[in-house]
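Counted from 1, the sequence shown has number 321 at position 321 by full-length UniProt numbering; the numbering is strictly sequential.
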Amino acid sequence: MFFKSSNFSIIDHTIIPFDILKECDKKIQALSATSEGELFFTQENNIFKYKATKKNKSQDEIVKLKSVNNLIISGDVCGCIKIFSKTILIRSYHEHTHKINCIDLYNGKILISASDDATIKFYDIIENKSFKTLDWFGDRVKCFKIFENILYIGVCNGFIYGIDLETYNKIYEFDTKTPVHNIEIHNGIIYYSTVNKVFKIITESQYIGSHTKQITDMKILNNKICTISLDGFYKIWSLKGQLITKINFSSPILSFGSYDQIFYFGLEVGTLCQLGGTKPTKKTELIKNKYMRDFEEQIQYKLFEQNCLKNSQLEKLIKKYEHKGALKLALDQQNFKDTFSVLYFLYNNRKLKNALLFIEKDYLLKLLDFIIENLQIRDLFEILQEVIYIVLSVYLEDFTDDDDLYDKLTFLSEVVDEECCFQEKLIEAYSYIECFK
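And the structure:
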């Protein structure tokens, strides 16, 4: 049996090319760009500057990074906050007892921090001391946003509070009835995200859009809502809720920053990516040995030929008839083209059912998420419809007690039924028209 992924692929219209700035072996948890265009990012307990060899360290894993007025502020999983000027540590605070969720600088000298210890603290970085603590939230404080001297705060108990930064009194309160993970303010309107959904508040919560997995960050840039998620998608929405663009990075996106129309993304696989701006160019390595110059073209040709003939891991699994293993590998890699290639190959060779029998629940969830994300692509519908029919016939009764799986299966079955009904009516309409031609 012969399989090459390029023979079973289509153009993925949902993917916009992005540039890879750096590939590392550890996840990029946080990143931030300064007003001068310098890019900083974190891996475990280290802060790196892009295109520089020096790094700053923290005792524990850094989860938040913020650049303000050429200062770099970091927060780690144990509640420690550090402030750097370039590569010099100038301030350090250890007053929180749990993970730092949000940090910012107000009026150039007041540092504000929110933590999983259910508190917000205020520090005067000039006098190098904390002077105020708010501890009445009753749950983890996930986010805050400063707007016109008001601190808007999102809490895991579902409440959004507004605090006057002059008096520190509560002047606003709204119950979203769901944990608030990110918050943004635009033209006086509050936008917030829950686990995987985005809303705005007019008089009540209004739905904007959603991801299939947790939203890791949300920003409003150029009058557009930008979200990143563990589902690997970067989505751009209008302020009214229309989806403008979605970009598939094929890996969970953990962090996001921008500078002058250039957007940076930190991925779980350790890749640092860029959208916009000038594309980075790779230096070509020259053969230094002068005696080898005459053979340079021949050597390059041999290397190119070897790379073309080398089978990928997916192709090796297909060749060994390990169809289930190939499907699981493609789903693990979260690569659109590879996943579709395997499904297309199995569909054409009538091996779909064998590959889907006794597959683990985690992979079934990944497959359903893939179908939901790509069901609207016309070229995919016939194959994904067959996958849905097989999954429904095999697993529907087994997962009636699993809310997440059951909801996704029933939703997909309804979509397929509606589409089939529409196609039948369309055929009837065409037949009716043909009769009177």
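In this text, a Cβ means the ideal position worked out from N, Cα and C, and glycines have one as well.
Here DSSP, grouped into helix, strand and coil, assigns GLY108 to coil. The shortest C-alpha to C-alpha distance from SER67 to any of PHE41, LYS240, LYS170, GLY241 is the one to PHE41. The beta carbons of SER251 and ILE215 sit no closer together than 7 Å.
Restricted to the stretch 63 to 135, the beta strand (DSSP E) segments that are unbroken, complete and at least 3 residues in length are 71 to 76, 81 to 85, 88 to 93, 100 to 106, 110 to 115, 120 to 124, 129 to 134, listed in chain order. Annotation for GLY325: LEU317 place their beta carbon closer than 8 Å to its own, counting only its chain and skipping 5 residues before and after.
If one requires a minimum length of 3 residues, the beta strand (DSSP E) runs lying completely within the stretch 148 to 233 are 150 to 155, 159 to 164, 170 to 175, 182 to 186, 189 to 193, 197 to 201, 205 to 210, 215 to 221, 224 to 229, in chain order. Here DSSP, grouped into helix, strand and coil, assigns THR339 to helix.
Nearest to CYS143 by C-alpha distance, out of LEU134, CYS156, THR133, is CYS156. Nearest to ILE112 by C-alpha distance, out of ILE88, GLY138, ASN149, is ASN149. Two segments are said to touch when three or more pairs of C-beta atoms, one from each, lie closer than 8 Å; by this definition the stretch 264 to 275 does not touch the stretch 350 to 358.
Here DSSP, grouped into helix, strand and coil, assigns ALA330 to helix.
Beyond the five residues adjoining it in sequence on each side, ILE125 comes within less than 7 Å, by CB distance, of ILE83, ARG91, LYS109, LEU111 in the same chain, given in chain order.
For GLN274, the pairing in a beta bridge is given by DSSP as ASP19, TYR264. The three-state reading of DSSP puts ALA30 in coil, since its state is none of H, G, I, E or B. Per DSSP, GLN59 is not a residue of any alpha helix (DSSP H), being assigned neither H nor E. The Cβ-Cβ distance between ILE253 and PHE263 does not fall below 7 Å.
Spatial neighbours of LEU384 in its own chain (CB-CB distance under 8 Å, excluding positions within 5 residues in sequence) are listed in chain order as LEU343, ILE371, ASN374, LEU375. In terms of CA proximity to THR178, VAL195 leads the group VAL195, CYS24, GLU382.
A Cβ-Cβ contact shorter than 7 Å links ILE183 with TYR152.
In the displayed model, GLY37 falls within coil according to three-state DSSP, outside both helix and strand.
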